[in-house]
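A.B. asks:
Residue numbers (this note's numbering), protein chains in the order written: chain P, 1 to 138; chain C, 1 to 138; chain W, 1 to 138; chain S, 1 to 138.
Following this line, the structure appears as structure tokens:
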């Protein structure tokens, strides 16, 4: 692993100045990461569902963390493709969290998957796969 | 068309109380819609790029508008799948807008595509396809 | 589990009269399935790669098997969305196999994921997620 | 345009020795292509539907043709991601055709979309987006 949890958290805080709005890093492995997001009113849709873009944002940043655990603190990796399936309704005022795993980390491209969970729902509420483009020099 | 632009804008304002944060309806056709979003600091990533979740959120609400133009003001249609390709870097402090077109509106399922543009970039900055699940009674 | 491996193999043979061209069932669990495909010349691209459509076909039938393990022998479930990431080059003349897991089986819709492996490559060569539409009466 | 229709057809025949099984080039533009496939018994599923993998294969080769119209006869461009939505049931014994359009052709990556039609069905039967990885030297 090329980076500690503290280094990565500091890097994300810098990259995402909106901060906690993007979630908190709970775990970091070699190509894996887990982040949690406290859901508040701004994240909800009528009917009390956590909005899709909030889940997509959490999936995106969590897989980014998993990728950085493999390649180090490269600021210019960008998402090029995201696919997400919404599986179940999250519980309205409960935290959601995401578990990300890299499936491939190549020289110019990386692919990974993310499961999103909602406190109070046993099975995943969403599943996403993403592709990142990695800048040539690093 | 089952709904006017004014009715739909009022419905979206109610559904999305965060309001303008989700964009403004510019055009509504029979299975098509166009929405614009004024980009501010909260939408940006370091390097000045409009963040992915902001584009996904705009794509989602614009296709929702296009769907409602076909089925009327059904509040319970939910996104079940979203796929997005990020094609080009949007210009940092310029508005983005989305043009959505339904590809299929069935009884229980609808599919459509969305192109996202950034003012100052001629070609699309992102392209998304989405599936909506439509509740049985309406 | 609503169906045995023998019943499912017989059902697939009937549904896919091209037969072994679609692979052989190796394992069947409660919402999981594994199938293998012997790769021959007709499956290859120049350079000796197993072609994409061959992998997509194997992914599709394997997830179909996993779905039927949950809902029984419903002939009319159809794929509505497929997303696949090609991760590594399969070995040219080696068998490929697929491991499918359902992520959600609802009343009208089911979602699952499939990992594809190539004999001689340790990590997956492809990863796919799919949505099936399930006919209302069953 | 870097290649004529005759050059591209000859190149595809060489790349895909299974030949007509992958379809015939009907039109080639600057970043666009159209191919047709005569459907026979081997392409069908019970109930008379053209199988998903057949449509995915046609989508793949048609977008490959559209890409080559932009970058020339580069044999090593490979599909890295494919997403497809199946929209309507194709007519069983009628030809299907595909219209492909590049959305972006970058140095190392290209993205495009494909609509698939079935003779006798006015609206598209499937829609696909794909990403290609382009080898560095060319």
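Each residue gets a CB set at the ideal place from its N, CA and C atoms; glycine is no exception.
Quick check on DSSP: helix, strand or coil for residue 51 of chain W?
C.D. replies: The answer is coil: DSSP assigns residue 51 of chain W none of H, G, I, E or B.
A.B. asks: Taking all protein chains shown into account, do 16 or more other C-beta atoms lie within 10 angstroms of the C-beta of residue 154 of chain C, making it buried, or fewer, making it exposed?
C.D. replies: Any question about residue 154 of chain C goes unanswered here, given that chain C covers just 1 to 138.
A.B. asks: Tell me which same chain residues have a C-beta within less than 6 angstroms of the C-beta of residue 22 of chain P, skipping the five on either side of it?
C.D. replies: 16 and 61, listed in sequence order.
A.B. asks: On the CB-based measure, 16 or more other CB atoms within 10 Å of its CB, does residue 10 of chain S come out buried or exposed?
C.D. replies: Flag for residue 10 of chain S reads exposed.
A.B. asks: Identify the contact partners of residue 99 of chain W in chain P, using a Cβ-Cβ distance below 8 angstroms as the criterion.
C.D. replies: In chain order: nothing, as chain P lies at least about 13 angstroms away.
A.B. asks: Compute the distance between the beta-carbons of residue 59 of chain C and residue 116 of chain C, then report whether it is under 8 angstroms.
C.D. replies: Yes, these two residues count as a Cβ contact at 8 angstroms.
A.B. asks: Taking the DSSP output, what are the residues bridged to residue 133 of chain W?
C.D. replies: DSSP output for residue 133 of chain W lists W/78 and W/109 as bridge partner(s).
A.B. asks: Between the region 117-134 of chain C and the region 94-114 of chain P, do three or more beta carbon pairs fall short of 8 angstroms?
C.D. replies: Result no; under three Cβ-Cβ pairs closer than 8 angstroms.
A.B. asks: What is the rounded straight-line gap between the Cα of residue 70 of chain W and the Cα of residue 108 of chain C?
C.D. replies: Distance between the alpha carbons of residue 70 of chain W and residue 108 of chain C is about 22 angstroms.
A.B. asks: Suppose the cutoff is 6 angstroms on Cβ atoms and the five residues either side in sequence are ignored; what does the same chain contact list for residue 82 of chain P look like?
C.D. replies: Same-chain partners within the cutoff: 130.
A.B. asks: So, is the C-beta of residue 11 of chain P closer than 8 angstroms to a C-beta in chain C?
C.D. replies: No, its Cβ sits nowhere closer than 8 angstroms to a Cβ of chain C.
A.B. asks: Do you know how far the Cα of residue 80 of chain C is from the Cα of residue 89 of chain P?
C.D. replies: Straight-line Cα distance between these residues: approximately 11 angstroms.
A.B. asks: Could you tell me the alpha carbon to alpha carbon distance between residue 125 of chain C and residue 25 of chain P, rounded to whole angstroms?
C.D. replies: Rounded to whole angstroms, residue 125 of chain C to residue 25 of chain P spans 30 angstroms at the Cα level.
A.B. asks: Examine chain S for any beta-carbon lying closer than 8 angstroms to the beta-carbon of residue 84 of chain W, and answer yes or no.
C.D. replies: Answer yes: the Cβ-Cβ gap between residue 84 of chain W and chain S drops below 8 angstroms somewhere.
A.B. asks: How should residue 138 of chain P be labelled, buried or exposed, when 16 other C-beta atoms within 10 angstroms of its C-beta is the threshold for buried?
C.D. replies: Caution applies to residue 138 of chain P, whose pLDDT of 47 falls short of 50 and renders its modelled position unreliable; the model cannot decide the point.
A.B. asks: Please decide whether residue 3 of chain C counts as near chain P, where near means a Cβ-Cβ distance under 8 angstroms.
C.D. replies: No, its Cβ sits nowhere closer than 8 angstroms to a Cβ of chain P.
A.B. asks: Any beta carbon of chain S sitting closer than 8 angstroms to that of residue 113 of chain C?
C.D. replies: It does: the Cβ of residue 113 of chain C has a partner Cβ on chain S nearer than 8 angstroms.
A.B. asks: Where does residue 4 of chain P sit, in a helix, a strand or coil, going by DSSP?
C.D. replies: Note: residue 4 of chain P maps to coil in three-state DSSP.
A.B. asks: Roughly how many angstroms lie between the CA atoms of residue 73 of chain W and residue 106 of chain P, to the nearest whole one?
C.D. replies: Approximately 41 angstroms between the Cα atoms of the pair.
A.B. asks: Look at the alpha carbon of residue 14 of chain W and the alpha carbon of residue 7 of chain W, and state the distance between them as a whole number of angstroms.
C.D. replies: Rounded to whole angstroms, residue 14 of chain W to residue 7 of chain W spans 11 angstroms at the Cα level.
A.B. asks: Does residue 28 of chain S come within less than 8 angstroms of chain C when only Cβ atoms are used?
C.D. replies: Taking Cβ atoms only, chain C never reaches closer than 8 angstroms to residue 28 of chain S, which makes this a no.
A.B. asks: Drop a sphere of 10 angstroms on the beta-carbon of residue 53 of chain S, count the other beta-carbons inside from all chains shown, and report buried for 16 or more, exposed for fewer.
C.D. replies: Buried, because 16 or more other Cβ atoms sit within 10 Å of the Cβ of residue 53 of chain S.
A.B. asks: Using a Cβ-Cβ cut-off of less than 8 angstroms, list which residues of the region 57-81 of chain W approach chain C; keep chain order.
C.D. replies: Listed in sequence order: 80 and 81.
A.B. asks: I want to verify the contact list: residues of chain S whose CB lies under 9 angstroms from the CB of residue 124 of chain C, in sequence order.
C.D. replies: In chain order: 103 and 104.
A.B. asks: Looking at residue 92 of chain W and residue 135 of chain W, is the spacing between their C-beta atoms short of 8 angstroms?
C.D. replies: Cβ distance not < 8 angstroms, so residue 135 of chain W and residue 92 of chain W don't count as in contact.
A.B. asks: Measuring only the C-alpha atoms, how far is residue 49 of chain C from residue 51 of chain P?
C.D. replies: Spanning the two alpha carbons is a distance of roughly 22 angstroms.
A.B. asks: Just mark residue 4 of chain W as buried or exposed, buried being the case when its beta carbon has 16 or more other beta carbons within 10 Å.
C.D. replies: Counting Cβ neighbours within 10 Å, residue 4 of chain W comes out exposed, since fewer than 16 surround it.
A.B. asks: If we define contact as Cβ-Cβ less than 8 angstroms, is residue 108 of chain P a contact residue for chain W?
C.D. replies: False, the Cβ-Cβ gap to chain W never drops below 8 angstroms.
A.B. asks: Compare the C-beta of residue 52 of chain C against all C-beta atoms of chain P and say whether one is closer than 8 angstroms.
C.D. replies: So yes, residue 52 of chain C belongs to the interface.
A.B. asks: Nearest chain S C-beta to residue 133 of chain P closer than 8 angstroms, yes or no?
C.D. replies: Yes, residue 133 of chain P lies at the interface with chain S (some Cβ there is under 8 angstroms from its Cβ).
A.B. asks: Could you spell out the range, first to last residue, of the beta strand (DSSP E) harbouring residue 25 of chain S?
C.D. replies: 24-28 is the extent of the beta strand (DSSP E) around residue 25 of chain S.
A.B. asks: Taking C-beta pairs closer than 8 angstroms, name the residues in chain W that residue 88 of chain P reaches, listed in chain order.
C.D. replies: What residue 88 of chain P touches in chain W: 104.
A.B. asks: Would you report the Cα separation of residue 97 of chain S and residue 40 of chain S, rounded to the nearest angstrom?
C.D. replies: Residue 97 of chain S and residue 40 of chain S: Cα-Cα distance of roughly 14 angstroms.
A.B. asks: Please say whether residue 32 of chain C and residue 100 of chain C have beta carbons closer to each other than 8 angstroms?
C.D. replies: A contact, by the Cβ cut-off of 8 angstroms.
A.B. asks: My understanding is that residue 67 of chain P touches residue 102 of chain P, with C-beta atoms under 8 angstroms, so please give their C-beta distance in whole angstroms.
C.D. replies: Contact flag correct, Cβ pair sits at about 6 angstroms.
A.B. asks: Does the beta carbon of residue 129 of chain S come closer than 8 angstroms to any beta carbon on chain C?
C.D. replies: Closer than 8 angstroms: yes.
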